[in-house]
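From first to last, the protein sequence lines are chains A and B.
Under my numbering, the first sequence has 554 at position 382, and the numbering climbs by one with no breaks.
Under my numbering, the second sequence has 655 at position 47, and the numbering climbs by one with no breaks.
One structure below.
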Amino acid sequence: MNNVNEIIKPGNYLMMGNEACALGAIIAGCRFFAFYPITPANEIAEYMSINLPKVGGIYIQMEDEISSIASVIGASWAGLKAMTATSGPGFTLMQENIGHAIMTETPCVIVDVQRCGPSTGTPALPMQGDVYQARHGSHGEYEIIVLAPSSVKDTFLLTIEAFNLSEKYRVPVIILSDALIGHMMENVEIPDLSSIKIVDRKKPLKLDDSQFFLSEDIAPMPTLGSGYMLHITGSTHNEKGIRNVYDPAYVNNLIYKIYAKIHKHIDDIVKIETRYLDDSKVLLLSYGSVARSALHAVKLARRIGLKVGYVRLITLWPFPEKIISNIINSVEKIIVLENNMGQIFNEVRRVSHKDIEVKFLPPDILGTIHDPLYIMNNLRKFIGE
Amino acid sequence: MYEHPLAKYFRKGVRQPFCSGCGNGIIAQCIIRAIDELKIDIRKIVFVCGIGCSGWISTFLNVDTLHTTHGRPLAFATGVKLGNPELKVIVLTGDGDGAAIGGNHLIHAARRNIEILTILVNNRIYGMTGGQVAPTTPHSMKTTTTPYGNIEYPFDLCKLVEAAGASYVARWTTFHVKQLISSIKKGLLKEGFSFIEVVSQCPIQYGKYIDVREPAKLLLMLKDLSINKDKAKTINEKELKEKIIIGEFVNKEVIGFSKAYEQLIIKVRGKIE
Ligand SMILES: Cc1ncc(C[n+]2csc(CCOP(=O)(O)OP(=O)(O)O)c2C)c(N)n1
Chain A
173 MNNVNEIIKP GNYLMMGNEA CALGAIIAGC RFFAFYPITP ANEIAEYMSI
223 NLPKVGGIYI QMEDEISSIA SVIGASWAGL KAMTATSGPG FTLMQENIGH
273 AIMTETPCVI VDVQRCGPST GTPALPMQGD VYQARHGSHG EYEIIVLAPS
323 SVKDTFLLTI EAFNLSEKYR VPVIILSDAL IGHMMENVEI PDLSSIKIVD
373 RKKPLKLDDS QFFLSEDIAP MPTLGSGYML HITGSTHNEK GIRNVYDPAY
423 VNNLIYKIYA KIHKHIDDIV KIETRYLDDS KVLLLSYGSV ARSALHAVKL
473 ARRIGLKVGY VRLITLWPFP EKIISNIINS VEKIIVLENN MGQIFNEVRR
523 VSHKDIEVKF LPPDILGTIH DPLYIMNNLR KFIGE
Chain B
609 MYEHPLAKYF RKGVRQPFCS GCGNGIIAQC IIRAIDELKI DIRKIVFVCG
659 IGCSGWISTF LNVDTLHTTH GRPLAFATGV KLGNPELKVI VLTGDGDGAA
709 IGGNHLIHAA RRNIEILTIL VNNRIYGMTG GQVAPTTPHS MKTTTTPYGN
759 IEYPFDLCKL VEAAGASYVA RWTTFHVKQL ISSIKKGLLK EGFSFIEVVS
809 QCPIQYGKYI DVREPAKLLL MLKDLSINKD KAKTINEKEL KEKIIIGEFV
859 NKEVIGFSKA YEQLIIKVRG KIE
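Below, the structure written as structure tokens:
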């Protein structure tokens, strides 16, 4: 029934970032996808509506983004791996229920193919304006995992990774793509499916188990209808799900535990990619679509003998604080490249030694991609060449 | 020791959370009686609840409960039902939850005809947040936020849901427990979207504004205000304005959404095999 080989065979395929995302999700085991149309995320839904029924999965077009994420949470508790996708305005609408998923420790994946904002902004142009929203969009205190792909192949692999992390840590995982990556076509090598690592959520073993929440080592997750008489609530609760909205000890316990379950495992979660670090005095630090221009610029710089290194964040949140501060504190200068007004820039400054110069470089025009020659010119100015 | 035959449905040591005299206790009991009479395995029923007093109806029952966000239980329930069509899904929602913030989900769930039984508790006011006006508050009534009287008009939710395409639609009050139990039984067995509106008493918030706080008196008021849908046809519109029209409005057979989706999967997979 769930034979993915029916929709794709191993080999090389030219595909769009959004299609790679949908395919990655299906391979990761996603069998429920709820959506409300928005540019530039629509191709994910089109791919899902064609292919999910072939593997026995469900595509549903909901009445809005609020209900899309809500039904995803419901489907996840019914036992399915579930995903939704959207862009900025829809992502904003989802925030309350993303908080519910965090509170109820519901595995699910949310794809935000970023466009230019605020408001309806510019639908089909790329920007990286939702980095803070992805981290802090819902109210209250919580921790969440956010991944940023830089290529079509990355989108494929990171979508699988997003499901794996989400299942393992019972947390919503957000994929921050953008219009550039989502709509770009590139080659993706689909390996033999049996070689892909797939993680499934831990289930309780016995019917008299009753602690299904708030474990730093991730409590088992039962499914609705399997006899556990679950009480799942977005209100403050304890390890058994029992609600208490009067005693501050409950909220204190809950918030520390949902932080701890991510922070305790941070080394397993965070990932970055680096090049030419060994002899670099200057680093270009970027992520997502911007990292492509950054890498290009680093290669141009190396060609003329400049000792420039490349750092790409794959995990944006939790911020790879330890790794990044170790790397950057051994160099003299860092340029943070982002297609926004400096959201990760602030984090890099926060974790860097005070004697290091940290500069920020947006593209020449927000909403366009950084031109590698423009990066080179700024790099030269910056290192005083 | 004698144990009440329905005691097995209640969580041990958990108190019911309602103000004394609240209609939600009656509704909880009607649901449990309907399930018991049908002999449905309670472990295969999932309660999906909104935010508001009515969302607490299942908290003291020993059942699977997914307590969601304000107005969204039907959207969560849609995922639960599609995720596992074997489950029976009951949505418990209030008039603010289901008809104001969640009004859009209500009409779309009815249009899709998804196999969910929705029990909407209409206490005609916002109970939990302290007596503000609701989309079901009678015209000209004073509430915390309509100090000069409500200038809006209340929703006829049964008409709304009927127009949107539900398979089963009925309205009762907390006085009409026999009819309510029978309706819940029908709703539980129904193939598509079932909607039961229960007009209920709220002695604290609603009672405060009409200056009637005794639950028994409020129940008798609900009885006196009610008029059967067939009898309603015989009286004029002006007299009808004040009345609560009760009865079964829709009972039809249309394929439910999750069933239709299963058929779609079979069709698609048949082509590729
Ligand atoms: C997004 C959001 N808005 C507002 C609230 C506050 N709120 C909680 S319950 C409620 C009203 C519930 O009224 P109703 O559905 O009629 O249920 P009742 O309490 O009367 O049973 C409101 C507005 C909330 N929790 N979330």
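Built from N, CA and C at the ideal position, the CB exists for glycine as well.
Nothing here was measured: the structure is a model prediction, and the numbers come from that model.
Rounded Cβ spacing between residue i and residue j (contact assumed at less than 8 Å)
i, j, result
"A:LYS412", "A:MET393", "Contact flag wrong, Cβ pair sits at about 14 Å."
"A:VAL520", "A:LEU467", "18 Å between Cβ atoms; not a contact."
"B:ASN758", "B:THR751", "7 Å"
"B:ILE659", "B:HIS678", "4 Å"
"B:ARG619", "B:LEU669", "7 Å"
"A:VAL483", "A:ILE444", "6 Å"
"A:SER402", "B:THR673", "Inspection of the sequence shows that residue 402 of chain A is occupied by Leu rather than by Ser. Contact holds; Cβ gap of about 7 Å."
Neighbour list for residue i in chain A, Cβ cutoff strictly below 7 Å
i, result
"B:ALA685", "GLY246"
"B:TYR869", "ILE230"
"B:VAL654", "LEU396 and GLY397"
Proximal chain B residues relative to residue i, where beta-carbon distance stays under 9 Å
i, result
"A:ASN269", "THR676, THR677, ARG680, ALA683 and PHE684"
"A:ILE238", "THR677, GLY679, ARG680, ALA683, ASN712 and HIS713"
"A:PHE204", "GLY687, LEU690 and GLY691"
"A:PRO279", "Those within 9 Å of A:PRO279 in chain B number zero; the least Cβ separation is about 13 Å."
Contact list for residue i against chain B, beta-carbon separation under 8 Å
i, result
"A:GLY228", "ILE873 and ARG877"
"A:MET234", "ALA683, THR686 and HIS716"
"A:GLY251", "GLY691 and ASN692"
"A:ALA391", "Chain B residues near A:ALA391: none, gap ~17 Å exceeds 8 Å."
Beta-carbon neighbours of residue i, restricted to chain A and to distances below 8 Å
i, result
"B:THR673", "LEU402, HIS403, ILE404 and THR405"
"B:GLU694", "GLY397"
"B:THR667", "HIS403 and ARG415"
Cα-Cα separation between residue i and residue j, rounded to whole angstroms
i, j, result
"A:LEU195", "B:ASP703", "41 Å"
"A:LEU365", "A:ILE199", "8 Å"
"A:PRO319", "A:GLN300", "The question names Pro, yet the displayed sequence has Leu at residue 319 of chain A. Distance between the alpha carbons of A:LEU319 and A:GLN300: 13 Å."
"B:PRO823", "B:PRO811", "6 Å"
"A:VAL454", "A:LYS526", "16 Å"
"B:PHE803", "B:LEU725", "6 Å"
"A:LEU485", "B:GLU870", "42 Å"
"A:THR211", "B:LYS846", "50 Å"
"A:MET357", "A:LYS325", "10 Å"
"A:HIS542", "B:PRO755", "58 Å"
"A:LYS253", "A:TYR231", "12 Å"
"A:VAL281", "A:GLY201", "12 Å"
"A:TYR422", "A:VAL343", "20 Å"
"A:LEU472", "A:ILE516", "24 Å"
"B:LEU589", "A:ARG464", "This structure does not reach residue 589 of chain B, given that chain B is present from 609 up to 881, and the question cannot be answered."
"A:ASP439", "A:ILE370", "19 Å"
"B:SER666", "B:ILE640", "10 Å"
"A:CYS288", "A:LEU352", "11 Å"
"B:GLY864", "B:ASN721", "5 Å"
"A:ASN359", "A:ILE222", "21 Å"
"B:LEU700", "B:GLY855", "20 Å"
"A:ASP284", "B:ARG680", "21 Å"
"B:TYR610", "B:TRP664", "28 Å"
"B:PHE684", "B:SER790", "26 Å"
"B:ASN844", "B:LYS851", "11 Å"
"A:ASN177", "A:GLU333", "20 Å"
"A:LEU545", "A:MET513", "20 Å"
Proximal residues of chain E, C-beta to C-beta of residue i below 8 Å
i, result
"B:VAL699", "Looking at the structure shown, chain E is missing, and the protein chains on hand are A and B."
Where residue i meets chain A, residues with beta-carbon distance less than 9 Å
i, result
"B:ARG651", "GLY397, SER398, GLY399, TYR400 and MET401"
"B:ASN721", "Result: empty, since nearest Cβ-Cβ is about 13 Å, beyond 9 Å."
"B:ASN670", "MET401"
Residues that residue i contacts on chain B, provided the C-beta gap is smaller than 7 Å
i, result
"A:SER243", "ALA683, PHE684, THR686 and GLY687"
"A:HIS311", "Residues of chain B passing the Cβ test: none, with the nearest at roughly 11 Å."
Segment contact, 8 Å Cβ cut-off, at least three pairs: the segment 180 to 189 of chain A with the segment 824 to 844 of chain B: no
Every unbroken beta strand (DSSP E) inside the segment 798 to 880 of chain B [3 residues or more]: 802 to 807, 834 to 836 and 852 to 859
Inter-stretch contact (C-beta, 8 Å, three-pair minimum) for the segment 741 to 753 of chain B and the segment 776 to 783 of chain B: The count of Cβ pairs closer than 8 Å, one atom from the segment 741 to 753 of chain B and one from the segment 776 to 783 of chain B, stays below three, leaving the stretches out of contact.
Beta strand (DSSP E) runs contained entirely in the segment 409 to 488 of chain A, provided each spans 3 or more residues: 444 to 447, 454 to 459 and 480 to 485
The segment 405 to 424 of chain A contacting the segment 269 to 288 of chain A, beta-carbon criterion three pairs below 8 Å: Yes: the two stretches touch, three or more of their Cβ pairs being nearer than 8 Å.
Runs of beta strand (DSSP E) wholly within the segment 185 to 224 of chain A (minimum 3 residues, chain order): 202 to 207
Contact the segment 628 to 645 of chain B vs the segment 493 to 508 of chain A: 3+ CB pairs below 8 Å: no
Sufficient close CB pairs (3 or more, under 8 Å) joining the segment 424 to 437 of chain A to the segment 374 to 389 of chain A: yes
Meets three-Cβ-pair contact criterion under 8 Å: the segment 815 to 835 of chain B and the segment 792 to 801 of chain B: no
Three CB pairs or more closer than 8 Å across the segment 536 to 554 of chain A and the segment 786 to 795 of chain B: no
Inter-stretch contact at 8 Å, needing at least 3 Cβ pairs: the segment 290 to 307 of chain A / the segment 236 to 253 of chain A: no
Uninterrupted alpha helix (DSSP H) stretches inside the segment 658 to 712 of chain B (no shorter than 4 residues): 681 to 691
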